[in-house]
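In this text, residue positions in the sequence shown follow the numbering used here: the first is 70, and each later residue adds one. The C-beta atom is built at its ideal place from N, Cα and C for all residues, glycine as well.
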Amino acid sequence: MMYELTNDEILCNERAQEAIKNHELVVYYQPQYDAINSKLISAEALVRRVQPDGKVLPPASFVPVAEKTGLITEIDWYVLNEVCKFLRARLDSGEPVVRIAVNFSRKHLDDDKLVERLCETVDSYSIEHELIEIELTESAIMQDTHLITKVIDDIRSNGFNVAIDDFGSGLSSLSLVKDVSANVLKIDRSLLSGNCENEKERIVLESIFGFANRLKLTTIAEGVETEEQLGFLRTCDCRMIQGFLFAKPMPEEDFARICSMPQTDKSEDILFTQPQAGVTNLLIEAIFTKFPLVIVANLTRNSYYMMAYDSFTSKSCPSTGVFEELIAHGASTMYPDDQESFATTFSIESLTSAYERGEKSVTLVTRQIGDDGIYRRVETTDIFVKNPSADDLLVITLCQNLD
Ligand code: C2E
Ligand code: MG
Ligand code: MG
């Protein structure tokens, strides 16, 4: 044992060991809902100890000691097995199921057979890996980022979801979200004090959801207790909600009932629930639907920034760089007869003189070669824009395929 334990802790650990043996540990489930339409999406498995007298003890009464002694790993495997049994039974009887998140202690990260054992366990119940999510706390991930990045990559590449739990509860590092391939970010409830009326708190939350959404992480707010918190989280474009406002952790039978209930769509008007984030996302979605490639260029500084979209893969062109090089590259991908007109129409000189003549935009149709070697007509439109804080001349380029 690595740590000195007090007598109380030794006793607590022995009781937890007995609890595993005597099947006194049970799994509670706390549902996780879509923040906008309140549909059940998934749930978190949370361990409880039920004493022989029926009293239910929370994890706080035995998990911290089990973390110290290492018994926690046994508890986690027990919980995972119970979750798999639950899912298997429902699948066997044709009942609907949702993804279940299981907490895994940092102690597992020392186990070089972790991913192998995880796959073996879940496979032994013939459960699809995508039905299981592994939650690792932020503090565990911060300990040895190099090792953990690899473990998380491994878990992800085997088809499981991985959530960073309690984000914002400790010394969160932004490199954590950047370098780690987890796909879910659980925002800790300590960031949600009161009703989110504090200006600084709102700014911090808005920023977290902003970068998490751009990194395509699924965001879950934990510990949501009030309508006011929910209202604010929706404006931040938080994707999922886990909290007492919707449901407390509950025994398996109660959760099974919720899973079987027909899903009622309690959605509200997105223009009211998400006036800013929602509408901005819709607008961007609409632009990208019509124009799979959007570039912003600064003609004065000869630079550009390309916005990549899922359906557009710019394999040969960097996302930022020198505008003239971008045009030269673009011209080289055009049909030989169109190369010159493309290069001259979109040169800095001709765009600047078009702007000075009072034109609002410049449009040209050319034939461009695709990745498949086929030429297709593309329409390129440059719209002139001014940024109020700089005198630079900027253009927004919208490209669409005509064929
Ligand atoms: P966690 O993983 O962050 O789980 C969320 C905790 O927040 C749960 O506490 C849940 O009951 C509580 N919670 C959810 N919504 C609200 C809310 O609206 N208000 C308030 N006040 N609390 C809310 P719980 O079940 O007591 O678990 C506490 C912690 O114990 C968990 O935090 C997790 O770190 C640990 N734990 C629980 N089960 C397991 C397990 O099977 N394995 C491991 N390693 N740790 C576990
Ligand atoms: Mg958790
Ligand atoms: Mg948490």
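- Measure the Cβ-Cβ separation of residue 168 and residue 251 and say whether it is below 9 Å. Taking the first residue of the sequence shown as 1, we reach residue 168 at position 99. Taking the first residue of the sequence shown as 1, we reach residue 251 at position 182. Contact: no.
Discussion item. Please report the distance separating the alpha-carbon of residue 214 from that of residue 163.
Written reply: Here residue 214 is taken as the residue at index 145 of the sequence shown, counted from 1. Here residue 163 is taken as the residue at index 94 of the sequence shown, counted from 1. Each residue's Cα considered, the two are about 41 Å apart.
Inter-residue Cα distance where the pair is residue 85 and residue 155
Your numbering for residue 85 matches position 16 in the sequence shown. Your numbering for residue 155 matches position 86 in the sequence shown. Roughly 22 Å separates the two Cα atoms.
Query - Beta-carbon proximity check, residue 360 vs residue 200, cutoff 9 Å - result: For the purposes of this step, residue 360 is taken as residue 291 along the sequence shown, with counting starting at 1. For the purposes of this step, residue 200 is taken as residue 131 along the sequence shown, with counting starting at 1. Not in contact: residue 360 and residue 200 (Cβ atoms no closer than 9 Å).
Inset, instruction - Could you check what DSSP says for residue 85 in three-state terms: helix, strand or coil? - result: To locate residue 85, count along the sequence shown from 1; it is residue 16. The answer is helix: DSSP assigns residue 85 an H, G or I state.
Following the continuous beta strand (DSSP E) through residue 204, name the residue where it begins and the one where it ends.
-> The residue you call residue 204 lines up with position 135 of the sequence shown. Per DSSP, residue 204 belongs to the beta strand (DSSP E) from 201-206.
Does the contact criterion of 3 or more C-beta pairs under 8 Å hold for the stretch 168-185 versus the stretch 203-212? yes
For residue 265, which residues in the same chain have their Cβ closer than 8 Å to its Cβ, ignoring the five residues on either side in sequence? Walking along the sequence shown from the start, residue 265 turns up at place 196. Closer than 8 Å at the Cβ level, and outside the excluded window around residue 265, lie 271, 274, 297, 298, 301, 302.
Next on the checklist: With the cut-off set at 9 Å, would you say residue 253 and residue 221 are in Cβ contact?
Outcome noted: Along the sequence shown, read from residue 1 onward, the residue named residue 253 stands at position 184. Along the sequence shown, read from residue 1 onward, the residue named residue 221 stands at position 152. No, Cβ-Cβ distance for residue 253 and residue 221 is not below 9 Å.
(request) Give me whichever residues DSSP pairs with residue 101 in a beta bridge. (result) The count along the sequence shown starts at 1 and reaches residue 101 at position 32. DSSP output for residue 101 lists 111 as bridge partner(s).
Is the stretch 421-441 touching the stretch 342-359, taking contact as three or more C-beta pairs under 8 Å? no
Checklist entry - In chain order, what residues of the same chain have a beta carbon less than 8 Å from the beta carbon of residue 93, not counting five sequence neighbours either side? => result For the purposes of this step, residue 93 is taken as the residue at position 24 of the sequence shown. The answer, listed in chain order, is 87, 118, 119, 120, 121.
key: Complete beta strand (DSSP E) runs within the stretch 193-251 (minimum length 3 residues, chain order)   = 201-206, 230-236
* Asked: So does residue 176 have its beta carbon nearer than 8 Å to some heavy atom of ligand 2?
  -> Here residue 176 corresponds to residue number 107 of the sequence shown, with the count starting at 1. Checking the Cβ of residue 176 against ligand 2 gives no.
- request: Taking 9 Å as the cut-off, decide whether the C-beta atoms of residue 392 and residue 423 are in contact.
  value: In the sequence shown, residue 392 corresponds to position 323, counting from 1. In the sequence shown, residue 423 corresponds to position 354, counting from 1. In this structure, residue 423 does not lie closer than 9 Å to residue 392 by Cβ.
query = DSSP three-state call for residue 407: helix, strand or coil?
reply = Locating residue 407 in the sequence shown gives position 338, counting from the first residue. Reduced to three states, the DSSP call for residue 407 is helix.
Check residue 382 in the structure and name its three-state DSSP category. Within the sequence shown, the letter at position 313 stands for residue 382. Confidence at residue 382 is low in this model, with a pLDDT of 45, below 50, so the placement of that residue should be treated as unreliable; the coordinate-derived value is given next. Correct three-state label for residue 382: coil.
- Item | The beta strand (DSSP E) enclosing residue 311, as first and last residue numbers | What you label residue 311 is simply residue 242 of the sequence shown in a count that begins at 1. Where residue 311 is concerned, the enclosing beta strand (DSSP E) stretches over 309-311.
Helix, strand or coil, according to DSSP, for residue 459 in the structure here? If you number the sequence shown from 1, residue 459 lands on position 390. Reduced to three states, the DSSP call for residue 459 is coil.
Cβ atoms of residue 419 and residue 450: under 9 Å apart, would you say? Residue 450 sits at position 381 when you count from the first residue of the sequence shown. Residue 419 sits at position 350 when you count from the first residue of the sequence shown. Taking 9 Å as the Cβ cut-off, residue 450 and residue 419 do not qualify as a contacting pair.
Report task. Express the C-alpha separation of residue 236 and residue 398 in angstroms, rounding to a whole number. Result -> Numbered from its first residue, the sequence shown carries residue 398 at position 329. Numbered from its first residue, the sequence shown carries residue 236 at position 167. Their backbone Cα atoms lie some 42 Å apart in a straight line.
*Contact check, residue 110 vs residue 319, beta carbons under 9 Å*: Stepping through the sequence shown from its first residue, residue 110 is reached at position 41. Stepping through the sequence shown from its first residue, residue 319 is reached at position 250. The answer is no: Cβ separation not under 9 Å.
Next on the checklist: Just to confirm the assignment: which complete beta strand (DSSP E) runs, minimum length 3, are found wholly within the stretch 293-354?
Outcome noted: 309-311
Are residue 368 and residue 471 closer than 9 Å when you measure CB to CB? For the purposes of this step, residue 368 is taken as the residue at position 299 of the sequence shown. For the purposes of this step, residue 471 is taken as the residue at position 402 of the sequence shown. Cβ atoms of residue 368 and residue 471: not closer than 9 Å.
| task | Indicate the three-state DSSP secondary structure (helix, strand or coil) for residue 261 in the structure shown. | result | In the sequence shown, counting from the first residue as 1, residue 261 sits at position 192. Looking at residue 261 - three-state DSSP - the assignment turns out to be coil, as it is neither helix nor strand.
So what does DSSP say about residue 451, is it helix, strand or coil?
-> Walking along the sequence shown from the start, residue 451 turns up at place 382. DSSP places residue 451 in strand when its eight states are reduced to three.
Hey, quick one: how far does the beta strand (DSSP E) through residue 170 stretch, first residue to last? Stepping through the sequence shown from its first residue, residue 170 is reached at position 101. Residue 170 -> beta strand (DSSP E) spans 168-172.
Write down the C-beta distance between residue 216 and residue 246 rounded to the nearest angstrom, noting that I regard them as a contact closer than 8 Å. Here residue 216 refers to the residue found at position 147 of the sequence shown. Here residue 246 refers to the residue found at position 177 of the sequence shown. Incorrect: roughly 17 Å between the Cβ atoms, too far for contact.
Any heavy atom of ligand 2 inside 8 Å of the beta-carbon of residue 235?
Against the sequence shown, residue 235 aligns to sequence position 166. Yes, the beta carbon of residue 235 sits closer than 8 Å to at least one heavy atom of ligand 2.
Item to complete: Answer with buried or exposed for residue 389, where buried requires no fewer than 16 other C-beta atoms within 10 angstroms of its C-beta.
Response: As a first step, residue 389 is located in the sequence shown; it is residue number 320 there, counting from the start. By the 10 Å Cβ count, residue 389 comes out exposed.
_Per DSSP, cross-strand counterpart(s) of residue 469_ = Along the sequence shown, one-based indexing puts residue 469 at 400. Looking at the DSSP assignment, residue 469 forms a beta bridge with 448.
*According to DSSP, what are the bridge partners of residue 437?*
For the purposes of this step, residue 437 is identified with residue 368 of the sequence shown, where counting begins at 1. In DSSP, residue 437 forms a bridge with 403, 445.
When you measure from the CB of residue 255 to every non-hydrogen atom of ligand 2, does any distance come out below 8 Å? If you number the sequence shown from 1, residue 255 lands on position 186. The answer is yes for residue 255.
### Task
Give me the Cβ distance between residue 288 and residue 345, rounded to the nearest whole Å; I'm assuming they're in contact under 8 Å.
Looking up residue 288 in the sequence shown gives position 219. Looking up residue 345 in the sequence shown gives position 276. Residue 288 to residue 345, Cβ: 16 Å. No contact.
Exercise. Under a Cβ-count criterion, where at least 16 other Cβ atoms within 10 Å of its own Cβ denotes burial, should residue 456 be classed as buried or exposed?
Worked result: Along the sequence shown, read from residue 1 onward, the residue named residue 456 stands at position 387. With fewer than 16 Cβ atoms within 10 Å of its Cβ, residue 456 is classed as exposed.
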